[in-house]
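Quick note on numbering: the sequence shown equals residues 2 to 325 in my numbering.
Below is one structure; the comments refer to it alone.
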Amino acid sequence: MSGGVRLPPIARAIASGDRRALARVITAVENGDPSAVPVVRALYARTGRAQVVGITGPLGVGKSSLLNVLIAHLRSQGFSVGVVAVDPSSPFSGGSVLGDRIRIAREPADADVFFRSMASRGEEGGVATTTREVVRLLDAAGFDIVLVETVGSGQVDLAIREVASTSVVVVVPHLGDEVQTLKAGLFEIADVFCVNKSDLPGADIARRDLAEMVALGIRRDGWTPAIVLTSALGPSGIPELWNAVRAHEKFLDTSGQRAAANRRRLAREVVGLVRDRVGHELESRLERDPEFQHLLDRVIERRIDPQAAADRLYVARGRRARSQ
Ligand SMILES: Nc1nc2c(ncn2[C@@H]2O[C@H](COP(=O)(O)OP(=O)(O)OP(=O)(O)O)[C@@H](O)[C@H]2O)c(=O)[nH]1
Ligand SMILES: [Mg+2]
């Protein structure tokens, strides 16, 4: 879509800073309401301006508490901040639980902070798509910085990589086995390691362990992950945390990695959308396809194996596509 396209009224409202319109469309996105689709699409041309930072890490390490003090720091510098917290427990089935879990103190009057928590309903890919769309809405709504909190496991990590230009992995002193897990999964996505709860003993040991780990691994993009110590309680280390994020953002610009990563992300998104469509189309067509049903009978009877059935269908599909 080009600049001259007229926006639907609700999209225009979002772009001009109407927070209620924003909240309403985010709810629609979360609910998979088709009315959100044209709004998100119309606003795409206005996205790409916000700086999107992911905050991830194991349960209870203090991600929400950190966000809370980070927001205050960013507000004191004049930035507007949108926050999406992808919560592992469903806020819809357990509203009171959510109240305990998310400890973001909000100034209701401050229109330059917008906070939203979302359930991660566990459906594959769903969180990633929803998160991406909500981040884009916040971006189009004009927030300078968008912070995304997710718990570091499984699909949610992928979501972070797909939406954030800088990812902060939060850990706590006494990492122990956690370091092993981190090595496997989170290391590639950690642009900044944040050792939170550094008011507790063992923070320096954690820093040293992480430094050893960082020294061992060479990242493909050439960035050396920063390590910062914070406490959300003091608070302390918050400006340092933000400086580390900024240093990574600067690296993205000077190294050309921002453009490359952006291109890769969007390529994955478009390919994923095509794959979804092809998959759905194929599924519904195969259900009605006598050849498929016949092959399936033979698979059930153990006369051919599933791979062989797939081979035949794939070849037949190619033939059909060529003859069209
Ligand atoms: N001592 C200490 N406690 C902290 C610090 N930051 C957070 N906490 C405490 O750790 C607990 C968990 O904090 P949260 O901010 O909810 O952690 P979280 O990572 O967002 O938790 P989940 O979203 O449930 O994964 C709370 O009791 C906080 O008060 C810190 O810097 N030092
Ligand atoms: Mg939290």
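Don't be surprised by glycine CBs; every beta carbon is placed ideally from N, CA and C.
Only a predicted model underlies this, so the values are computations on that prediction, with no experimental measurement involved.
- Glu-302 carries a coil assignment under DSSP once its states are collapsed to helix, strand and coil.
- In this structure, Ala-86 has its beta carbon less than 7 Å from a heavy atom of ligand 2.
- Comparing alpha carbon positions, the residue from Pro-174, Leu-68, Leu-217 and Gly-223 closest to Pro-240 is Leu-68.
- Between the alpha carbons of Met-119 and Ala-86 lies a gap of roughly 6 Å.
- Ranked by Cα distance from Arg-137, the first of Ser-256, Val-30, Ser-168 and Gly-218 is Val-30.
- Rounded to whole angstroms, the Cβ separation of Val-53 and Val-147 is 5 Å, and the two are in contact under 8 Å.
- Judged by their CB atoms, Ala-129 and Glu-150 are not nearer to each other than the 8 Å cut-off.
- For Gly-319, the three-state secondary structure derived from DSSP is helix.
- Three or more Cβ pairs drawn from the stretch 187 to 204 and the stretch 226 to 246 lie within less than 8 Å of each other, which places the two stretches in contact.
- Close CB contacts of Ala-310 within its chain, under the 6 Å cut and outside five residues either way in sequence, are with Leu-296 and Val-300 (chain order).
- In the structure shown, the three-state DSSP call for Thr-167 is strand.
- Along the length of the stretch 224 to 297, whole alpha helix (DSSP H) runs at least 4 residues long occupy 239 to 256 and 258 to 289, reported in chain order.
- If only uninterrupted alpha helix (DSSP H) runs of at least 4 residues are considered, those enclosed by the stretch 18 to 54 are 20 to 31 and 37 to 44.
- If you check the CB distance, Ala-51 and Phe-188 do not come in under 8 Å.
- The shortest CA-to-CA distance from Leu-23 to any of Arg-321, Asp-34, Asn-32 and Ile-11 is the one to Ile-11.
- DSSP places Arg-313 within a helical segment (H, G or I) once states are collapsed to three.
- If you check the C-beta of Ser-118 against ligand 1, you find no heavy atom less than 7 Å away.
- Here Ala-14 is buried, its C-beta having at least 16 other C-beta atoms within 10 Å.
- Taking a C-beta distance under 8 Å as the contact criterion, Ser-166 and Arg-259 qualify as a contact pair.
- Burial check for Pro-307: the Cβ neighbour count within 10 Å stays below 16, so the residue is exposed.
- In terms of CA proximity to Glu-250, Gly-55 leads the group Gly-55, Asp-19, Pro-35 and Pro-39.
- Per DSSP, the continuous beta strand (DSSP E) segment holding Val-193 begins and ends at 193 to 196.
- Under the three-state reduction of DSSP output, Asp-222 falls in the coil class, being neither helix nor strand.
- Between Phe-252 and Glu-282, the alpha-carbon positions lie close to 42 Å from each other.
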